[in-house]
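Single-structure report; data block below.
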Amino acid sequence: MAKARTAAKSNREATSRTKSKRGKSSGATKQTPATIRSAIDRIDREILHAIDRRARLVKDLGKAGRAATAAERTLVGRVTDATKRIRAVVDREIRAAAIPTDAQADILRHISSVCLQSLHELRIAYLGPMHSYSHLAAIKFFGEGANLAPVASIPAVFDAVTRHDANCGVVPIENSTDGRVVDTLGMFVRRQMQICGEVLLPIHHQLLSRTSREQITEVYSKPQALSQCRGWLSNQLPQAKLVEISSTAAAARLAAEKPGAAAVASLEAGREYDLDVIDADIEDNPNNVTRFAVLGREEPAATGDDKTAILFQVPHQPGALADTMTIFKKAGLNLTWIESFPKPESPTEYLFFIELGGHRGDAAVADTLKKLQKQTERLEVLGSYPRAIPIPAAAG
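Heads up, the final residue of the sequence shown is numbered 1531 in my numbering, and it's a clean run with no missing numbers.
As structure tokens, then:
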């Protein structure tokens, strides 16, 4: 019994000493605002050093030349490959992280863009001004580290790439609500240009103003944006006059200057011009998406999940188009987009834009193009490029 009491006493004393040590340790590591700020500064320095190491590795990869993968030998290939790797890194991380996964991806994409810019100049032309949806699409694809150059029109984007004033260009090609973008298709008809990538951008329109909703008399925006919100505007602001303007960003700037005016534009444009969000997400279709084409002078390598866009003209005679469609069917190629476009010099005849699954280097696609060459009066391959990752539908 004496031994038992002695052991129990010894255990109690050991426990007491452990608690005492824990108490001292807890007191010693108690955080104050000063220690927290110091820790944040230390982490910031570590982040900067890590980014510098990453940039050096990107430069090493650029010097690897033939040792690099086919995708890494082209500018758009590097961007696409980096985006895929970033997504894989984010998907592997713990979901319970303090930063949302979308924000994690945005941070890494920006760092990747800055590192790639250190390797060689990234100058991207887009339909401006800043904070337009084309600007947001350019940021989504290339990141904010790229030199993003706004131009005044879609033809000006084509011109910038053709003259080598820009490495690449970003233009809208199709909207899920309004369909094709006529100005872009018209330029492909008149100008040879390579599509080397695509961007899918969810379009959420905001009603922006410095005027209260009851005092709004005019709503400004580009025609497509007004069309995509026509039902909402008719029901909610029947007294307001709808005024078309060159861009959503220009509409936001005007709304900031003119009493009684509102703009249909992006949230980013509202922040830029210090506008209030009178109503959010006013688009009639909650799954409103615009697809943008990335223009360039390079041909991306096959990734295994690609699309090829072509432009062709068939003889103006019965059954000519049906015969052409049979070629795609026999080859087992899925057509993801079909558009007709009036031939500029002959409005009664049409050109056709078609997008299909597969890369021009794939055997089935290459064989189909050879057969099309024999049955068409004009055939141009606009490009093969990686398929953009689909956007999940909005919750109903």
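Here a beta-carbon is modelled for each residue, glycine too, at the ideal position from N, C-alpha and C.
These numbers come from a predicted model, not from an experiment.
Quiz prompt | Anticipated Cβ contact below 8 Å, Thr1383 with Lys1357, distance rounded | solution = 6 Å
Quiz prompt | Separation of Val1449 from Phe1487, as counted between CA atoms | solution = 9 Å
Quiz item: So, are the CB atoms of Phe1277 and Leu1446 less than 8 Å apart?
Solution: no
Practice problem: Taking all protein chains shown into account, decide if Asn1282 is buried (16 or more other Cβ within 10 angstroms of its Cβ) or exposed. | Solution: exposed
Quiz prompt | Exposure label - Asn1370; buried when at least 16 CB within 10 Å | solution = exposed
Quiz prompt | Chain-order list of residues whose beta-carbon lies under 6 Å from that of Leu1456 (same chain, five-residue window excluded) | solution = Val1449
Quiz item: In or out: Ser1519 buried (at least 16 other Cβ within 10 Å) or exposed?
Solution: buried
Practice problem: May I ask you to check if the CB of His1451 is nearer than 7 Å to at least one heavy atom of the ligand SAH? | Solution: Ligands are entirely absent from the displayed structure, and the ligand SAH is therefore not among its contents.
Quiz item: So, using beta-carbon positions, are Ile1473 and Thr1503 closer together than 8 Å?
Solution: no
Self-check item: Cys1250: first and last residue of the uninterrupted alpha helix (DSSP H) it sits in
Solution: Thr1236 to Leu1254
Self-check item: For Cys1250 and Arg1189, believed in contact at Cβ under 8 Å, the rounded distance
Solution: 6 Å
Self-check item: Proximity of Ile1609 and Glu1403 at Cβ, strictly below 8 Å
Solution: Any answer about residue 1609 is impossible in this case: the structure gives the chain only from 1136 up to 1531.
Practice problem: Can you check DSSP and say which residues form a bridge with Ala1396? | Solution: For Ala1396, which the question treats as bridged, DSSP gives the partners Glu1353.
Practice problem: For the alpha helix (DSSP H) holding Gly1321, just list the boundary residues, first then last. | Solution: Residues Val1317 to Arg1325.
Quiz item: Mapping DSSP to helix, strand and coil, what is Tyr1485?
Solution: strand
Self-check item: Cβ pair Ala1523, Glu1379 closer than 8 Å
Solution: no
Quiz item: CB Ala1390 to CB Ala1396, shorter than 8 Å?
Solution: yes
Exercise. Go ahead and label Asp1441 buried or exposed: buried means 16 or more other beta carbons lie within 10 angstroms of its beta carbon, across all protein chains shown.
Key: buried
Quiz item: For Thr1438, which residues from the same chain have a beta carbon less than 6 Å from its beta carbon, with the 5 sequence-adjacent residues on both sides left out?
Solution: Pro1521
Quiz prompt | alpha helix (DSSP H) segment containing Arg1406, residue limits | solution = Leu1402 to Glu1407
Practice problem: Determine the DSSP secondary structure at Ala1185, reduced to helix, strand or coil. | Solution: Residue state, collapsed to three classes: helix.
Quiz item: Are the CB atoms of Ala1398 and Ile1308 nearer to each other than 8 Å?
Solution: no
Quiz item: Smallest Cα separation from Leu1214: which of His1245, Asp1195 and His1451?
Solution: In the sequence as displayed, the identity of residue 1214 is Val instead of Leu. Of the listed residues, the one whose Cα sits closest to Val1214 is His1245.
Quiz item: Alpha carbon to alpha carbon, how far is Pro1394 from Thr1346?
Solution: 7 Å
Quiz item: According to the neighbour-count rule (16 or more other Cβ atoms, all chains shown, within 10 Å of its Cβ), is Asn1469 buried or exposed?
Solution: exposed
Exercise. Would you mind stating whether Tyr1485 and Pro1479 have Cβ atoms separated by less than 8 Å?
Key: no
Exercise. Following the continuous beta strand (DSSP E) through Gly1493, name the residue where it begins and the one where it ends.
Key: Gly1493 -> no beta strand (DSSP E), and no H or E assigned at all.
Practice problem: For my contact list, Tyr1261 and Pro1285 are in at a C-beta cut-off of 8 Å; report their separation, rounded to the angstrom. | Solution: 6 Å
Exercise. Apply the 10 Å Cβ neighbour rule to Ser1160 and answer buried if 16 or more other Cβ atoms are within range, or exposed otherwise.
Key: The pLDDT assigned to Ser1160 is 44, lower than 50, so where the model puts this residue is not dependable; a value taken from the coordinates is nonetheless given after this. Under this definition Ser1160 is an exposed residue.
Practice problem: Tell me whether Gly1162 is buried or exposed, calling it buried when 16 or more other Cβ atoms sit within 10 Å of its Cβ. | Solution: Its pLDDT being 48, under 50, Gly1162 is placed unreliably by the model, and the measurement read from it follows with that caveat. With fewer than 16 Cβ atoms within 10 Å of its Cβ, Gly1162 is classed as exposed.
Quiz prompt | Through-space distance from Gly1263 to Leu1183, alpha-carbon basis | solution = Approximately 32 Å, taken between the alpha carbons.
Practice problem: Return the CA-CA distance between Trp1367 and Val1211, expressed in angstroms with no decimal places. | Solution: 38 Å
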